[in-house]
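Here the sequence shown is numbered in our numbering, starting from 39 and rising by one per residue. Note that beta-carbon positions come from the ideal geometry of N, C-alpha and C, so glycine has one too. Read the structure below first, then the notes.
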Amino acid sequence: DHTHLKLEKLCGEGIQYRSVICTEVKAKSIDCYDKSTMRGGYCSVRTKVSDTLCNTQKPELYRRCTKDCHQDCKLHSWGRWSSECLDGICVMQNTETITGHRIRRRTIAIQPSTHGRKCPHLMESSRCQYPLCFSWAYDEFGDCIVDPPFNKTTGSVVCQHGLKWRKVFCSDHNMVKQMLQY
């Protein structure tokens, strides 16, 4: 006769145990009522006897098993927000406000078990304002300056390689307009 299997309430790998006893079945059946299922029926009367009276091999008393440990998803902390406001456009005038988004990510530290709480999203975004566009601004080259412009020994003008200068600066769109007006 096999009684109900017992399972320890721990998780991970373990062992299932059960009781195995040799019984004698009486031919006579009696009415029986199962309170847990509220069903009636007929049950045979059994009496425990010595194991030597059972002529078959005794069933196993235990077996290896695995029970889910119910591990919820565990996440690492959020990383830093992306340094740039994404979508690849910048504001050319201070009067208009264009918003984009920046992102940050996190990674899974521990995967959830079969019945554990699943992992939430691993990336999130936040609105941000596009930065001003900066670009190089410059004026026209000036006259060629030869160094030295004349030969001191002969006192004559010498044609040599020279340099041309111009103003170059980095600025946003509004400042370029202002600086070029001066």
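{"Asked": "Just how far apart, CA to CA, sit P158 and E51?", "Found": "28 Å"}
{"Asked": "Rounded to whole angstroms, what is the Cα-Cα separation between S163 and W203?", "Found": "47 Å"}
{"Asked": "Do you know offhand how far L113's Cα is from S120's?", "Found": "19 Å"}
{"Asked": "Rounded to a whole number of angstroms, what is the C-alpha to C-alpha distance between R140 and M161?", "Found": "10 Å"}
{"Asked": "Would you check if the stretch 56-63 and the stretch 81-91 touch, i.e. whether three or more CB-CB distances between them fall below 8 Å?", "Found": "yes"}
{"Asked": "Could you check which residue in C208, S151, Y55 has the C-alpha nearest to that of E98?", "Found": "Y55"}
{"Asked": "Distance, Cα to Cα, C81 vs K64?", "Found": "10 Å"}
{"Asked": "Under a Cβ-count criterion, where at least 16 other Cβ atoms within 10 Å of its own Cβ denotes burial, should C123 be classed as buried or exposed?", "Found": "buried"}
{"Asked": "Measuring alpha carbon to alpha carbon, tell me which residue in C70, W174, K205, W116 is nearest G180.", "Found": "K205"}
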